[in-house]
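With our numbering applied, the sequence shown corresponds to residues 7 to 281, in that order.
The beta-carbon is built from N, C-alpha and C at its ideal position, and this holds for glycine as well.
Take a look at the structure below.
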Amino acid sequence: MRILYVDDEPLAIQKFELILSQLTGITDCHTCLLAEEALAYAGENLVDAAFLDIQLPGMNGLELAKALHGLNKNLHVFFVTAHDQYALEAFGVDALGYLLKPYGKDALGKAIDKARRMRCVPEKAVYVQTIPNFDVYINGELLPISSPKPKELLALLVDRNGGAVSSRQAISLLWENRPDDEKTKALYRMTCKRLREILTHSGIGFILSAEGPLKFIRPDTFACDYFRFLSGDQETMAKYNGQYMAEYSWAEETNARLTNLKDSRKEVSRRISLK
Numbered sequence: 007m008r009i010l011y012v013d014d015e016p017l018a019i020q021k022f023e024l025i026l027s028q029l030t031g032i033t034d035c036h037t038c039l040l041a042e043e044a045l046a047y048a049g050e051n052l053v054d055a056a057f058l059d060i061q062l063p064g065m066n067g068l069e070l071a072k073a074l075h076g077l078n079k080n081l082h083v084f085f086v087t088a089h090d091q092y093a094l095e096a097f098g099v100d101a102l103g104y105l106l107k108p109y110g111k112d113a114l115g116k117a118i119d120k121a122r123r124m125r126c127v128p129e130k131a132v133y134v135q136t137i138p139n140f141d142v143y144i145n146g147e148l149l150p151i152s153s154p155k156p157k158e159l160l161a162l163l164v165d166r167n168g169g170a171v172s173s174r175q176a177i178s179l180l181w182e183n184r185p186d187d188e189k190t191k192a193l194y195r196m197t198c199k200r201l202r203e204i205l206t207h208s209g210i211g212f213i214l215s216a217e218g219p220l221k222f223i224r225p226d227t228f229a230c231d232y233f234r235f236l237s238g239d240q241e242t243m244a245k246y247n248g249q250y251m252a253e254y255s256w257a258e259e260t261n262a263r264l265t266n267l268k269d270s271r272k273e274v275s276r277r278i279s280l281k
């Protein structure tokens, strides 16, 4: 579980982190003092559950919850408050629950378990095609990605098979004729944001993740012919005719590797058949 906690009181943040450290199954916890910081983080990183103090300076917790759901409709929100009169209003903004201060390990643990159970609801079936061209299908239907750069960035992340991609690496491949300057970096940031929006709006934001500036896909969350090829699937290897993500020049290196891999496996099969 990836957790976001927002509270303008540093001591409250310390208490949350201390209690959370006693629970299992938490892969990441990011804390913010301001709503604006939380929005910026959620726009670039996948969050499973957010715990929000209601009384925040500027944008309050209720407003923040609505904004976070605008970024990720699958995000589970819990409100943290010392005033239980906010409870009904909290559910009015599609919150999963609330924690009444002062809370302890049991209350936080129950909230985390509730979010985890909701997260276990069957997700949409995602299939990523890379042979011969790159496309994404959700429950058998083509996902139309009209913006070319977000689609290419997703293709690059799939090509890396779960490996992290830095901004410098992505820029050198997606904008190979542009300098790695602030304008190009701004283009990359907008591309990342747009890709996140496309996937989240389609209900498959779970396939993409990040650690700080590094982006990567989660190979265990979708099916892909490229992954099947690497695992030795005979049907996928038979389908491969020398073309892999044919629309992207940077994919030529992987394409050559797949060709060599197919040839070597054919040779092994031939030798075995002669014995």
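Taking the beta carbon of Met-7 as the centre, do at least 16 other beta carbons fall within 10 Å, making it buried, or is it exposed? For the purposes of this step, residue 7 is taken as the residue at position 1 of the sequence shown. Counting every other CB atom within 10 Å of its CB across the protein chains shown gives Met-7 a total of 16 or more, marking it as buried.
I want to know whether the segment 73-93 touches the segment 52-65 - three or more CB-CB distances under 8 Å. Output reads yes: the segment 52-65 touches the segment 73-93.
For Gly-218, name the three-state secondary structure that DSSP assigns. Residue mapping note: residue 218 aligns to position 212 of the sequence shown, counting from 1. Under the three-state reduction of DSSP output, Gly-218 falls in the coil class, being neither helix nor strand.
Which residue's Cα is closest to the Cα of Leu-24: Gly-115, Tyr-104 and Pro-63? Reading the sequence shown from its first residue, position 18 is the one you call residue 24. Looking at the Cα atoms, Gly-115 is the closest of the given residues.
What did DSSP end up calling Glu-273 once you bin it into helix, strand or coil? Walking along the sequence shown from the start, residue 273 turns up at place 267. Of the three classes helix, strand and coil, the one that applies to Glu-273 here is helix, per DSSP.
Can you list, in chain order, the residues of its chain with a C-beta nearer than 8 Å to that of Pro-16? Leave out the 5 residues immediately preceding and following it. By 1-based counting over the sequence shown, the position of residue 16 is 10. Non-local beta-carbon contacts of Pro-16 in its own chain, meaning distances under 8 Å to residues more than five positions away in sequence, involve Leu-39 in chain order.
Taking the CB atoms as reference points, tell me whether Leu-52 and Gly-211 lie closer together than 8 Å. As a first step, residue 52 must be located in the sequence shown, where it is residue number 46. As a first step, residue 211 must be located in the sequence shown, where it is residue number 205. Result yes, Cβ atoms of Leu-52 and Gly-211 sit closer than 8 Å.
Continuous alpha helix (DSSP H) stretch holding Asp-231: start and end: By one-based count along the sequence shown, residue 231 stands at place 225. Here the alpha helix (DSSP H) through Asp-231 covers 231-236.
Please give the ranges of any beta strand (DSSP E) in the segment 111-160, keeping only runs that are unbroken, at least 3 residues long and fully inside the region. The beta strand (DSSP E) runs of length 3 or more contained entirely in the segment 111-160 are, from start to end of the chain, 132-135 and 141-144.
What number of angstroms, rounded off, separates the C-alpha of Leu-149 from the C-alpha of Asp-112? Mapped onto the sequence shown, residue 149 falls at position 143. Mapped onto the sequence shown, residue 112 falls at position 106. Distance between the alpha carbons of Leu-149 and Asp-112 is about 42 Å.
With a Cβ-Cβ cutoff of 8 Å, do Leu-163 and Lys-221 count as a contact? Here residue 163 corresponds to residue number 157 of the sequence shown, with the count starting at 1. Here residue 221 corresponds to residue number 215 of the sequence shown, with the count starting at 1. Yes.
Here's the rule: buried if 16 or more other CB atoms are within 10 angstroms of the residue's CB, otherwise exposed. What is Lys-157? Along the sequence shown, read from residue 1 onward, the residue named residue 157 stands at position 151. Burial call: buried.
Could you give the residue range of the alpha helix (DSSP H) that holds Arg-202? Here residue 202 is taken as the residue at index 196 of the sequence shown, counted from 1. Arg-202 -> alpha helix (DSSP H) spans 188-207.
Leaving aside the five residues before and after Arg-184 along the sequence, list all residues of the same chain whose C-beta is less than 6 Å from its C-beta, in chain order. For this step, residue 184 is matched to residue 178 along the sequence shown. For Arg-184, same chain residues with a beta-carbon under 6 Å away, outside a window of 5 residues either side, are Thr-190 in chain order.
Verify whether the separation of the beta carbon atoms of Thr-227 and Ile-213 is less than 8 Å. Residue 227 sits at position 221 when you count from the first residue of the sequence shown. Residue 213 sits at position 207 when you count from the first residue of the sequence shown. Yes, Cβ-Cβ distance for Thr-227 and Ile-213 is below 8 Å.
Between Phe-140 and Met-251, how many whole angstroms is the CB-CB distance? I'm expecting something under 8 Å. As a first step, residue 140 is located in the sequence shown; it is residue number 134 there, counting from the start. As a first step, residue 251 is located in the sequence shown; it is residue number 245 there, counting from the start. Contact annotation, Phe-140 with Met-251: C-beta distance approximately 5 Å; criterion of less than 8 Å satisfied.
Please list, in chain order, all residues of the same chain as Thr-260 whose beta carbon is under 7 Å from its beta carbon, the five residues on each side excluded. Numbered from 1 along the sequence shown, position 254 holds the residue referred to as residue 260. Only residues of its own chain outside the window of five on either side were considered, and among them Asp-165 and Tyr-250 have a CB closer than 7 Å to the CB of Thr-260, listed in chain order.
Report the CB separation of Val-132 from Ile-151 in whole angstroms; it is logged as a contact under 8 Å. Counting from 1 along the sequence shown, the entry for residue 132 is found at position 126. Counting from 1 along the sequence shown, the entry for residue 151 is found at position 145. Actually they are not in contact, since the Cβ atoms of Val-132 and Ile-151 sit about 13 Å apart, beyond 8 Å.
Considering only the beta carbon of each residue, do Ala-176 and Leu-193 sit closer than 8 Å? Residue mapping note: residue 176 aligns to position 170 of the sequence shown, counting from 1. Residue mapping note: residue 193 aligns to position 187 of the sequence shown, counting from 1. Not a contact, by the Cβ cut-off of 8 Å.
Looking only at its chain, what residues have a beta carbon closer than 8 Å to the beta carbon of Gly-2, apart from the 5 residues adjacent to it on each side? Because the chain here runs from 7 to 281, residue 2 falls outside it and cannot be looked at.
In this structure, does DSSP put Gly-103 in helix, strand or coil? Against the sequence shown, residue 103 aligns to sequence position 97. Correct three-state label for Gly-103: strand.
Taking His-89 as part of the alpha helix (DSSP H), name the residues at either end of that continuous run. Residue numbering aside, residue 89 sits at position 83 when the sequence shown is read from its first letter. From DSSP, His-89 is part of no alpha helix (DSSP H); its letter is neither H nor E.
Beta-carbon separation (whole angstroms), Leu-180 vs Lys-199, contact threshold 8 Å: In the sequence shown, the residue the question calls residue 180 occupies position 174. In the sequence shown, the residue the question calls residue 199 occupies position 193. Not quite, the Cβ-Cβ distance comes to about 15 Å (not below 8 Å), so this is no contact.
Can you find the residues in the same chain that come closer than 6 Å, C-beta to C-beta, to Cys-230, ignoring five residues on each side of it along the sequence? Position 224 of the sequence shown, counted from the first residue, corresponds to residue 230. So the list reads Val-134, once near-sequence residues are dropped.
Can you tell me which of Asp-269, Asp-13 and Gly-103 puts its alpha carbon nearest to the alpha carbon of Phe-235? Taking the sequence shown and counting its residues from 1, one reaches residue 235 at position 229. Of all alpha-carbon atoms in Asp-269, Asp-13 and Gly-103, the one lying nearest the alpha-carbon of Phe-235 is that of Asp-269.
Span of the alpha helix (DSSP H) around Thr-33: The sequence position of residue 33 within the sequence shown is 27, counting from 1. From DSSP, Thr-33 is part of no alpha helix (DSSP H); its letter is neither H nor E.
My understanding is that Leu-102 touches Met-124, with C-beta atoms under 8 Å, so please give their C-beta distance in whole angstroms. Looking up residue 102 in the sequence shown gives position 96. Looking up residue 124 in the sequence shown gives position 118. Between Leu-102 and Met-124 a beta carbon distance of about 7 Å is seen, short of the 8 Å cut, so the two are scored as contacting.
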